[in-house]
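Student: Structure provided below as structure tokens; questions to follow.
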Amino acid sequence: MSKPVLKISNVNKSFGGLQALRDINLEIERGKVHAIIGPNGAGKSTLLNVLVGLLEPDSGSVTFNGGINVIGKSPHEINQMGLARVFQTPEIFPDLSLLENVMIPAFSKRDGAFHFQLFRSLASETKITQEAKEVLASVGMEAKADETAGSLSRGDKRRLELAMCLIQHPDLLLLDEPTAGMARHDTNKTIELLKQIKEGGMTKIIIEHDMHVVFSLADTISVLSQGAIIASGIPDEIRGNPIVQEAYLGGVEL
Amino acid sequence: MMKRLMNIFKKQSDLTTILLFAAGVLTMPIWLDPIGANYPDLLQKFVIFGIFAVGYNILFGLTGYLSFGHAVFLGVGSYTAVWSFKLFTMNVLPAMLFATLISGLIAAAIGFVSMRRSGIYFSILTLAFAQMFYNLAYSVLIPITNGETGLQLRMHDIRIIDNYFSDPVPGLPSTEFFGMSMNGYSGFYFCAVVLILAFYVAMKIFRSPFGLKLKAIKSNQHRMRYIGSDTRPYLITAFIISGMFAGLAGALLAVTDPLAGAERMQWTASGEVILMTILGGVGTLFGPLIGVGVIKYLENIFSAINDAVLHNFFSFMPLWAENLLVAITAPFVGEGWHLTLGILFMVIIIFLPGGLMEGFQKIKTRYLTKSMKDSESTTKQE
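Heads up: the protein sequence lines correspond to chains B and W, in order.
Convert by adding 1345 to the 1-based position in the first sequence; the result is the number in the numbering used here.
Convert by adding 176 to the 1-based position in the second sequence; the result is the number in the numbering used here.
Rendered as structure tokens:
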């Protein structure tokens, strides 16, 4: 077995009296899509925020790419390590064009956290411009390259945000409910898109409510309930697991 | 044909932009003549405050951080320049260099602290710094600023470099650039060249990945952090650059009139540059310059119009109408020019939030699409 991209060991986090995460242990294998599911308030978002450096856990460790510590690092440092995140509500640059939206993460990746070079001309950045156009095309938005991102529909914003992460070729992509608030048609489009990326071999963690999305994309699934992982395994195992059905799926036949 | 013209408008290369700009600035004495603004003192003010506003726009226009204390750098630049005249030489070049550097250093200190906060708190912090400097200039810093009298040149100033090379001449020396006098039109042309250079720097920043990153910070700082950019050093850099532009403008104020006073650092002066930027168009290359033009024109020309001028202007009408119109318009000119400015400002904020540049843009697109349609229909007829 290859080394895991992300290793979460004994992570605990509580807010006041509420224990949001209890003793979480998780390993994400390279090239796999790992889904984290669970009812509302199970601690999914807390876990994600720990992973991206927004929250510091009370105890435990999170290491990335074979031992690099993640805890205590700021968001831009964690991104520079190779971890990109798609948010639950799309976070884009609404005042800029789609092309610029996709070029900026590419610059960030190339230039590092801070790069002082005032006089390089944007027009001479042909390589990144070309790359950004290709990535936009891969999410089916090349025709809108010059439009202002703020005017896009929610589904398009989500796709744009995905493109912004993809151009960085991250070692790990975090997707926080990538189809939340989307119409069925848009959801299917997004699933198709994510499947294509899956073939590219990018490691992903998906947090999702929609079982349809989870079961059509995930290689492995972990179920969170009341801050603890109650089951982990391939989709078929999860589907048949009685504890999971009890805790989350509510006995619904899948 | 029309399409090609549109492309030219769209994709102005750096070179054409700067050439057009240089031509526009250097011919100001000609095209400002008909509206009565062709005198050196005012022309100098146009270009000097142009530098101030162009620099301010790098901070406010690109990052969206509203500094309420940029007049500090204007003041620091003036004081530094006058000290350079007193201690070293009447040549303006060292004065401008020192002024830019020292205001850059002070901007680094103020920026480092103020950039810990954003939004209104950032504005308040910069305002606090500005007021602190303003009050210090009248108290603790009097040995440097000469308090309310202002810092002036004196006969017995040391002027190490000048006095080393030549014997002191009787009378107060005047500022010069390798023999070129800084009074009147030559002073204007000198400042105009500095403005063109400053504008070129600003344009390069606007059209660089660095500038794009600043725009991204303005648009969504949160996202910017999560795609791996440390936003703080970018913001501090923008703050320092705009502070240096302001320092350079302050130095030129001293170059054209070697006297520095603390009133230059008052918060109203910081407010003025904000007005100029918003009036012309925040975040556009030319907008702030147009704002400078409008405000300085109103301040200097409009404020000089009195009842006699108005009577003269309306003299073609019957006497009763003439008197009526003079009575109506009189509050808006002369000392009442602030009223005109206020109304203009309100109208622009309400109808053109993007400033006058937005208005020009609207006219341009309307005209171009109309003529596009016209040319299409004519080709169809053919």
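Glycine included, every Cβ here is placed at the ideal spot set by N, Cα and C.
Can you give me the start and stop residues for the beta strand (DSSP E) that Q1364/B sits inside?
Tutor: Position 19 of the first sequence, counted from the start, is the residue given in the question as residue 1364/B. Here the beta strand (DSSP E) through Q1364/B covers 1363-1374.
Student: For a test of the three-state rule: what should DSSP assign to R292/W, helix, strand or coil?
Tutor: The residue you call residue 292/W lines up with position 116 of the second sequence. Residue state, collapsed to three classes: coil.
Student: Quick one: what's got a C-beta closer than 7 Å to V470/W's C-beta in the same chain, skipping five residues either side?
Tutor: Taking the second sequence and counting its residues from 1, the one referred to as residue 470/W is at position 294. L455, listed in sequence order.
Student: By the 10 Å Cβ neighbour count, where 16 or more other Cβ atoms means buried, how is I334/W classified, buried or exposed?
Tutor: By one-based count along the second sequence, residue 334/W stands at place 158. When all chains shown are included, I334/W counts as exposed.
Student: Sort out for me which residues DSSP pairs P1349/B with in a bridge.
Tutor: Numbered from 1 along the first sequence, position 4 holds the residue referred to as residue 1349/B. Paired residue(s): E1374/B.
Student: Comparing C-alpha positions only, which one of T192/W, F236/W, D209/W sits nearest to I393/W?
Tutor: Start at 1 with the first residue of the second sequence, and residue 393/W comes out as number 217. Minimum Cα distance to I393/W is reached at F236/W.
Student: Please classify P529/W as buried or exposed, where buried requires at least 16 neighbouring CB atoms within 10 angstroms.
Tutor: Taking the second sequence and counting its residues from 1, the one referred to as residue 529/W is at position 353. Exposed is the call here.
Student: Which residues does DSSP list as the beta-bridge partners of E439/W?
Tutor: For this step, residue 439/W is matched to residue 263 along the second sequence. The partner list for E439/W (beta bridge, DSSP) is empty, contrary to what the question assumes.
Student: Is it buried or exposed for W207/W, if we count other Cβ within 10 angstroms and need 16 for buried?
Tutor: To locate residue 207/W, count along the second sequence from 1; it is residue 31. By the neighbour-count rule (16 or more Cβ atoms within 10 Å), W207/W is not buried but exposed.
Student: Listing by chain order, which chain W residues have their CB less than 7 Å from the CB of K1454/B?
Tutor: Working through the first sequence from its first residue, we reach residue 1454/B at position 109. Per Cβ cutoff of 7 Å: G404.
Student: Verify whether the separation of the beta carbon atoms of M441/W and F228/W is less than 7 Å.
Tutor: Locating residue 441/W in the second sequence gives position 265, where the first residue counts as 1. Locating residue 228/W in the second sequence gives position 52, where the first residue counts as 1. No, the Cβ-Cβ distance between M441/W and F228/W is not below 7 Å.
Student: Just the chain B side, please: which residues come within less than 7 Å of N233/W by C-beta, in chain order?
Tutor: Taking the second sequence and counting its residues from 1, one reaches residue 233/W at position 57. In chain order: nothing, as chain B lies at least about 15 Å away.
Student: Excluding the 5 residues flanking V252/W on each side, which residues of the same chain have their C-beta closer than 7 Å to its C-beta?
Tutor: The residue labelled residue 252/W in the question sits at position 76 within the second sequence. Within the same chain, V252/W has close Cβ partners I278, S279, I282, G423, G426.
Student: Let me know the secondary structure DSSP gives A1380/B once reduced to three states.
Tutor: Numbered from 1 along the first sequence, position 35 holds the residue referred to as residue 1380/B. If DSSP states are grouped into helix, strand and coil, A1380/B belongs with the strands.
Student: Check whether the Cβ atoms of V1356/B and G1411/B lie closer than 7 Å to each other.
Tutor: On the first sequence, residue 1356/B is found 11 positions in, with the first residue counted as 1. On the first sequence, residue 1411/B is found 66 positions in, with the first residue counted as 1. No. Outside cutoff.
Student: Going by beta carbon distance, what residues of the same chain come within less than 7 Å of T193/W, once the five residues before and after it are set aside?
Tutor: To locate residue 193/W, count along the second sequence from 1; it is residue 17. The answer, listed in chain order, is M379.
Student: Within 10 angstroms of the Cβ of R542/W, are there 16 or more other Cβ atoms? Answer buried if so, exposed if not.
Tutor: The residue labelled residue 542/W in the question sits at position 366 within the second sequence. Exposed, by the Cβ-count rule.
Student: Would a C-beta distance cut-off of 7 Å place K1489/B and L1443/B closer than the cut-off?
Tutor: Residue 1489/B sits at position 144 when you count from the first residue of the first sequence. Residue 1443/B sits at position 98 when you count from the first residue of the first sequence. Yes.
Student: Please tell me whether F490/W and L501/W are closer than 7 Å, where the distance is taken between their beta carbons.
Tutor: Working through the second sequence from its first residue, we reach residue 490/W at position 314. Working through the second sequence from its first residue, we reach residue 501/W at position 325. Yes. Within cutoff.
Student: In or out: S299/W buried (at least 16 other Cβ within 10 Å) or exposed?
Tutor: What you label residue 299/W is simply residue 123 of the second sequence in a count that begins at 1. Buried, since its Cβ has 16 or more Cβ neighbours within 10 Å.
Student: Which of the three DSSP states is assigned to D190/W in this structure?
Tutor: Working through the second sequence from its first residue, we reach residue 190/W at position 14. D190/W: helix per DSSP, three-state reduction.
Student: Which residues does DSSP list as the beta-bridge partners of T1565/B?
Tutor: Taking the first sequence and counting its residues from 1, one reaches residue 1565/B at position 220. Answer is H1379/B.
Student: Can you give me the C-alpha to C-alpha distance between L544/W and L532/W, rounded to a whole angstrom?
Tutor: Working through the second sequence from its first residue, we reach residue 544/W at position 368. Working through the second sequence from its first residue, we reach residue 532/W at position 356. About 18 Å.
Student: Pull up the distance between the alpha-carbon of L1497/B and that of S1483/B, whole angstroms please.
Tutor: Translated into positions along the first sequence, residue 1497/B becomes position 152. Translated into positions along the first sequence, residue 1483/B becomes position 138. Going from the Cα of L1497/B to the Cα of S1483/B covers about 17 Å.
Student: Apart from the five residues on each side of it in sequence, which residues of its chain come closer than 8 Å, Cβ to Cβ, to V1559/B?
Tutor: The count along the first sequence starts at 1 and reaches residue 1559/B at position 214. Correct list, in chain order: A1380, I1382, I1551, E1553, I1566, P1580.
Student: I'd like to know whether the C-beta atoms of F508/W and L515/W end up nearer to each other than 7 Å.
Tutor: Here residue 508/W refers to the residue found at position 332 of the second sequence. Here residue 515/W refers to the residue found at position 339 of the second sequence. Against a cut-off of 7 Å, the Cβ pair of L515/W and F508/W comes out as a contact.
Student: Using the beta-carbon of each residue, which ones in chain B are nearer than 8 Å to F386/W?
Tutor: For the purposes of this step, residue 386/W is taken as residue 210 along the second sequence, with counting starting at 1. The contacting residues are H1460, F1461, Q1462, L1463, R1465.
Student: I believe L1538/B touches L1507/B by the beta-carbon criterion, under 8 Å. Please report the beta-carbon distance rounded to the nearest angstrom.
Tutor: Residue mapping note: residue 1538/B aligns to position 193 of the first sequence, counting from 1. Residue mapping note: residue 1507/B aligns to position 162 of the first sequence, counting from 1. With a Cβ gap of about 7 Å, L1538/B and L1507/B count as contacting.
Student: So R255/W and S418/W are supposed to be a Cβ contact under 8 Å. How far apart are they, rounded?
Tutor: Position 79 of the second sequence holds residue 255/W. Position 242 of the second sequence holds residue 418/W. In the sequence on display, residue 255/W carries Tyr and not Arg. Contact flag wrong, Cβ pair sits at about 19 Å.
Student: Counting only C-beta atoms, is K546/W closer than 7 Å to chain B at any point?
Tutor: Along the second sequence, read from residue 1 onward, the residue named residue 546/W stands at position 370. Cβ-Cβ to chain B under 7 Å: no for K546/W.
Student: So Y402/W packs on N1414/B, CB below 8 Å; how close in whole Å?
Tutor: In the second sequence, the residue the question calls residue 402/W occupies position 226. In the first sequence, the residue the question calls residue 1414/B occupies position 69. The Cβ separation is near 19 Å, so there is no contact.
Student: Got a sec: is the Cβ-Cβ distance from P409/W to anything in chain B below 7 Å?
Tutor: Reading the second sequence from its first residue, position 233 is the one you call residue 409/W. Cβ-Cβ to chain B under 7 Å: yes for P409/W.
Student: First and last residue of the beta strand (DSSP E) that includes G135/W?
Tutor: With chain W covering 177 to 558 only, the question about residue 135/W has no answer from this structure.
Student: Assign A1458/B to one of three DSSP states: helix, strand, or coil.
Tutor: Position 113 of the first sequence holds residue 1458/B. Here A1458/B sits in coil by DSSP.
Student: Buried or exposed: which applies to F354/W, given that a residue is buried once 16 or more other Cβ atoms fall within 10 Å of its Cβ?
Tutor: Position 178 of the second sequence, counting from 1, holds the residue named residue 354/W. Exposed is the call here.
Student: Would you identify the three-state DSSP class for L181/W, choosing helix, strand or coil?
Tutor: Along the second sequence, read from residue 1 onward, the residue named residue 181/W stands at position 5. With a pLDDT of 48 at L181/W, under the threshold of 50, the modelled position of that residue is not reliable, and the figure given next carries that caveat. In the structure shown, L181/W sits in a helix (DSSP, three-state: H, G or I).
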